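Notes for the one structure printed next.
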Amino acid sequence: MNPYLEVLQPKLSKADYQKLSQIANPNVHEFIAKASDLCHPERISICSDSAEDIAYVRRQAVATCEEKAILTLPGHTVHFDGEHDQGRDRQATKYLVPRGLSLSKALNQIDRQEGLAEVRGVLKDAMNGRTMIVRFISLGPPNSVFTILGLQCTDSWYVAHSEDLLYRPGYGEFLKAGPKSDFLRVLHSAGKLNEDMVSVEHEKKRIYIDNMDNTIYSVNTQYAGNSVGFKKLAFRLAIRKASYEGWLAEHMLLMGAHGPNGRKTFFAGAFPSACGKTSTAMLPGETILGDDIAYIRDIDQVARAVNVEAGIFGIIQDINPKDDALIFKLLESPGEVIFSNVLVKDGKPYWLGMGSDLPKDGVNFSGAWYEGKKDEAGNQIPPAHKNARYAVALKNLENCDPELDNPQGVELGGVMYGGRDAKAYVPVQQSFDWEHGIIAYGASLETETTFATIGEEGVPEINMMSIQDFISIPLGQNIRNNLEFGKKLKKPPVVFGVNYFLRDKDNGKFLNAIQDKHVWIKWMELRVHNEVDAIESPTGYLPKYEDLRRLFKQVLNKDYSKEDYVKQFSIRVPENLAKIERVQRFYQENVSDTPLELFGILYLQRGRLLKAKARFGDYISPESLES
Ligand code: SPV
Ligand code: MN
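According to my numbering, the residues represented by the sequence shown are 1 to 627, in order.
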């Protein structure tokens with residue numbers, strides 16, 4: 001018996017001891033033994049891939065009241081996070097950086113020794129009297145060049161249960177992997193809980209990422225973006241691994257867009273949180289492979305991608321029968337769904353923007369709720385949180401793409417970058433080439449902070465490739481990796497910039513309806529195959545009016561007016577020049593390793609804008625460019 005198994009034995013049932021000893025990798029036993037020694041759980045529960053183990057986790061989540069089975073539909077449960085734990089926490093999330101090294105200035109970092117001592121101090125004895133659950137996960141389809149194994153120790157049954165819905169099981173993969181196989185490690189504790197089983201010590205929340213040990217520490221939080229280690233936490237480690245190994249780990253959706261004659265073209269799309277990523281991946285009539293994280297590899301000089309996950313942890317606000325019919329239907333049907341931070345009344349969940357009236361009282365993240373209830377600071381508590389969510393498995397969706405588990409991934413025809421840009425970029429455009437797309441759309445992606453992270457909303461910021469919150473390597477290196485990746489491909493994916501949030505210059509109203517993105521997708525699908533023409537503009541290729549008019553009719557049965565087209569697709573020169581200024585300043589001030597190519601490509605874009613301005617003025621209709 002190895003010494004780690006020996007230490008663990010008293011806390012394990014016989015069956016669980018068996019499960020653990022069948023894994024040949026002593027590093028697995030070591031990680032669990034050290035987690036147990038630090039956090040001191042009363043018991044350890046090993047969850048294999050068996051239906052029994054998985055059902056046990058779900059039952060425990062309900063039995064411990066971390067999830068409440070107060071909803072009437074079978075399979076539905078609700079979990080509440082604390083008032084100060086309703087989103088990812090940028091302040092509390094830090095990289096542990098060895099002395100003498102530094103990531104970019106834009107990233108939150110702490111000296112490794114100091115950070116380890118601190119987080120271990122907070123985790124010490126954190127699981128007293130509780131069970132530590134051990135979960136094995138496969139990131140990406142099993143048995144594939146994409147597969148990365150992950151191991152999480154947590155004292156939250158809710159977290160362990162969420163992982164069943166969101167990830168592919170990995171115990172079998174650990175059994176097959178050799179004694180020295182590599183894996184990502186996560187140690188999580190919900191910390192001190194109140195009588196409602198909600199983490200209370202939010203001022204002691206810590207989410208620390210140790211690149212040196214491939215380990216994540218997370219404590220005093222339950223919000224899944226901070227606690228489900230395989231989501232945004234392991235993603236940070238994967239970005240680093242990808243950088244060393246020459247592939248890409250991206251904050252991207254994956255979808256199949258269905259073109260003429262049964263053709264399917266796969267797209268990946270990067271959008272910051274709460275900027276339309278899930279609703280793009282879930283467009284009716286198209287198929288979804290993933291809505292959050294993709295690994296992309298060069299396989300025989302073709303870009304191929306997989307979804308790292310197998311489920312959706314999606315924003316529930318504005319899911320209604322009109323705008324998101326498919327998800328709405330799923331949320332109204334029996335089957336496994338974990339709702340979080342919604343309002344519950346008479347066994348039914350309610351959320352903002354669901355398309356019907358909300359009750360005036362019920363139970364929500366603040367406990368018993370009634371209209372007009374205020375928090376400690378005197379602010380009105382909304383019936384449901386804006387960042388309320390649902391967790392479901394992709395395989396339960398009727399529009400789940402059959403290639404989801406293809407070990408080779410899917411070939412990418414296109415990549416899109418979408419920000420939250422009120423003023424400058426048109427709703428959809430195609431880059432001149434891979435490099436232009438990576439720089440002018442990806443690296444220049446601008447957004448505003450949203451409710452998905454804790455803090456003020458609506459603050460404008462650069463969010464490089466929508467990965468800014470998760471990047472764990474110097475920012476310039478990430479841009480370089482992307483540029484290099486495309487250069488080696490036979491035919492790089494076509495790069496598009498999309499912007500669902502452009503506003504009218506004069507009255508400030510959004511220029512597009514929520515469903516319009518479906519038309520943009522269909523246009524991009526045709527462009528990948530060179531089946532429609534486009535207009536060359538200073539910032540990229542623009543759609544032609546006639547093509548969009550046809551697509552609006554075909555896809556949405558809408559009459560698309562010339563007037564709307566001109567408003568949406570005019571090039572706004574002053575706003576575009578200002579955007580270039582902001583992007584340049586951000587990289588000059590924050591990113592000492594910015595590749596020179598970034599400044600070169602932006603310089604050329606500026607030149608094209610100035611030249612067009614001299615000829616056509618500040619605001620240029622796409623039709624003048626066409627002639
Ligand atoms: C996001 O905020 O980008 C999400 C949800 O996808 S979280 O798990 O919080 O990262
Ligand atoms: Mn995300």
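Glycine included, C-beta positions come from ideal geometry on N, C-alpha and C.
No experiment lies behind these values; they were computed from the predicted model shown.
Looking only at its own chain, which residues have a Cβ that is under 8 Å from the Cβ of residue i, when we skip the five neighbours before and after it?
| i | result |
| --- | --- |
| Gln554 | Lys522 |
| Glu457 | Glu448, Thr449, Thr450 and Phe451 |
| Leu326 | Met282, Pro284, Leu397, Glu398 and Asn399 |
So, at 7 Å on beta carbons, what are the nonlocal neighbours of residue i in its own chain, with the 5 sequence-adjacent residues on each side left out?
| i | result |
| --- | --- |
| Leu609 | Pro538, Val573, Asn576 and Leu577 |
| Arg527 | Gln430, Val494 and Ala534 |
| Arg549 | Tyr560 |
| Leu165 | Gly311, Glu336, Ile338, Ala391, Val392 and Ala393 |
So is the beta-carbon of residue i under 7 Å away from any non-hydrogen atom of ligand 2?
| i | result |
| --- | --- |
| His84 | no |
| Ser227 | no |
| Asp89 | no |
| His529 | no |
| His258 | no |
| His656 | In the structure displayed, the chain extends from 1 to 627; residue 656 sits before or after that span and is not available. |
Compute the Euclidean distance between the alpha carbons of residue i and residue j, then round it to the nearest angstrom.
| i | j | result |
| --- | --- | --- |
| Glu626 | Leu289 | 37 Å |
| Gly276 | His251 | 13 Å |
| Leu253 | Asp292 | 5 Å |
| Tyr604 | Gly256 | The amino acid occupying residue 604 in the given sequence is Leu; Tyr does not appear at that position. So the two alpha carbons sit approximately 33 Å from each other. |
| Glu336 | His76 | 6 Å |
| Trp369 | Ser218 | 29 Å |
| Pro407 | Ser466 | 26 Å |
| Ile33 | Lys348 | One point to set straight first is that residue 33 is Ala, not Ile, in the sequence displayed. Approximately 42 Å between the Cα atoms of the pair. |
| His84 | Glu376 | 11 Å |
| Gln22 | Thr131 | 21 Å |
| Leu394 | Gln301 | 29 Å |
| Glu623 | Tyr541 | 13 Å |
| Lys105 | Gln477 | 14 Å |
| Asn261 | Pro543 | 22 Å |
| Pro595 | Arg585 | 14 Å |
| Lys491 | Ile601 | 21 Å |
| Ala117 | Asn108 | 17 Å |
| Ala268 | Leu5 | 43 Å |
| Arg628 | Lys11 | Look at the range of the chain in this structure, 1 to 627, and you will see that residue 628 is not part of it. |
| Met524 | Lys192 | 50 Å |
Determine which residues share a DSSP beta bridge with residue i and list them.
| i | result |
| --- | --- |
| Tyr95 | Gln109 and Ile209 |
| Cys686 | Since the first residue shown for the chain is 1 and the last is 627, residue 686 is missing from the structure and cannot be characterised. |
| Asp361 | Tyr370 |
| Lys558 | Beta-bridge pairing links Lys558 to no other residue. |
| Leu596 | Paired residue(s): none; Leu596 is not in a bridge. |
| Gln152 | Arg135 and Val186 |
| Ser218 | His188 and Ile207 |
| Gly290 | Leu254 |
| Ile338 | Thr77 and Ala391 |
| Met416 | Gly269 and Phe496 |
| Gly311 | Ala393 |
Note down, in chain order, each residue of its chain lying with its Cβ closer than 6 Å to the Cβ of residue i, except the 5 sequence neighbours on either side.
| i | result |
| --- | --- |
| Leu184 | Gly150, Asn214, Ala234 and Leu237 |
| Val363 | Val344 |
| Phe232 | Reading off the sequence shown, one finds Lys at residue 232, where the question assumed Phe. Counting only Cβ-Cβ distances below 6 Å, and skipping sequence neighbours, we find Gly225 and Phe470. |
| Trp247 | Arg297 |
| Val122 | Lys204, Arg206 and Val219 |
| Ser227 | Val159, His188, Ser218 and Thr221 |
| Lys241 | none |
Confirm the yes/no value for this check: CB of residue i, any heavy atom of ligand 1, distance under 7 Å.
| i | result |
| --- | --- |
| Lys231 | yes |
| Arg420 | no |
| Ser273 | yes |
| Ala452 | yes |
| Asp318 | no |
| Asp292 | yes |
| Phe642 | Given that the chain is displayed from residue 1 to residue 627, the structure contains no residue 642 and the question cannot be resolved. |
| Phe313 | yes |
Is it the case that the CB of residue i approaches a heavy atom of ligand 3 more closely than 7 Å?
| i | result |
| --- | --- |
| Ala224 | No copy of ligand 3 appears in this structure; the ligands present are ligand 1 and ligand 2. |
request  = Decide yes or no for the touch test of the region 406-416 against the region 376-396: beta carbon pairs closer than 8 Å, at least 3 of them.
outcome  = Short answer: they don't touch.
message = Is it the case that the region 198-211 contacts the region 174-184, given that we only count it when at least three CB pairs across the two stretches are under 8 Å?
response = With fewer than three CB-CB distances shorter than 8 Å, the region 174-184 does not count as touching the region 198-211.
ask   = Quick one: any contact between the region 423-440 and the region 282-297, if contact means 3 or more CB pairs under 8 Å?
value = No, the region 423-440 does not touch the region 282-297.
message = I'd like to know if the region 416-427 and the region 499-506 are in contact, where contact means that at least 3 CB-CB pairs between them fall below 8 Å.
response = Yes, they touch.
Inter-stretch contact (C-beta, 8 Å, three-pair minimum) for the region 87-100 and the region 355-364 = The region 87-100, when compared against the region 355-364, does not touch it at the 8 Å Cβ threshold.
ask   = Three or more beta-carbon pairs under 8 Å between the region 50-60 and the region 189-204, yes or no?
value = The region 50-60 makes no contact with the region 189-204; the number of CB pairs closer than 8 Å stays below 3.
ask   = Touch check for the region 126-133 and the region 29-46: three-plus C-beta pairs under 8 Å?
value = Output reads yes: the region 29-46 touches the region 126-133.
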